[in-house]
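Residue numbers for the sequence shown follow our numbering, so the first one is 29 and each next one is one higher.
Here is the structure we will look at.
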Amino acid sequence: ANDLLTRLSDGRMSLRFVTQKRTGSGSTAGIAETLDIFVSDGVGERAYEDFSGGEQLRVNLAVRIAIGQVLAQRSGATIRTLLLDEVCSPLDQAGEDALVECIGKLQSMFDCILLVTHRDSLKDRLPQQIEVVKGTNGSEVKVA
């Protein structure tokens with residue numbers, strides 16, 4: 029995940045995973061299983077919620093792709109296609125710009141990256157589009 033996040037953030041961001049934490053004190057002290065994700069940038073370590081939408085997008089992509097790669101490797105498979113379904117819904121223009129930038133940086137890792145979106149603003153920013161349009165006789169598919 030850190031390798032991916034480094035690539036997606038030009039080296040500005042990193043992750044730290046904590047999988048155990050101390051509970052209680054004294055004779056009741058123990059260790060609990062957890063998964064806490066800490067994000068750092070040039071300013072320092074901050075709560076995930078304190079990062080911009082574009083930065084959160086980078087963290088989300090890095091963690092999700094890394095988990096997928098680990099699971100694929102365990103089963104002897106390779107991930108060749110990345111499907112991003114409606115990931116831009118919560119993004120503002122800067123976040124959308126970050127998404128397009130991230131897709132460009134991920135291209136070398138995948139044979140195919142598919143982005144499903146209803147945002148018209150992305151049409152001209154991607155090299156190829158498959159558009160599904162409601163027609164008079166059902167849905168029509170246009171490839172551009």
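Every residue gets a Cβ at the ideal spot worked out from N, C-alpha and C, and that includes glycine.
In this text the structure is predicted, and so the values were computed from the model without any measurement.
Secondary structure of residue 105 (DSSP, three-state): coil. Under the DSSP definition of a beta bridge, residue 51 partners with 58. Apart from the 5 residues on each side of it in sequence, residue 64 sits with its Cβ closer than 6 angstroms to the Cβ of 46 in its chain, given in chain order. Of the other Cβ atoms in all chains shown, 16 or more fall within 10 Å of the Cβ of residue 93; this residue is therefore buried.
The three-state secondary structure of residue 89, taken from DSSP, is helix. In this structure, DSSP gives residue 125 a helical state, which the three-state scheme calls helix. Within the same chain, Cβ atoms closer than 6 angstroms to the Cβ of residue 124 are found at 116, the five residues on either side in sequence being excluded.
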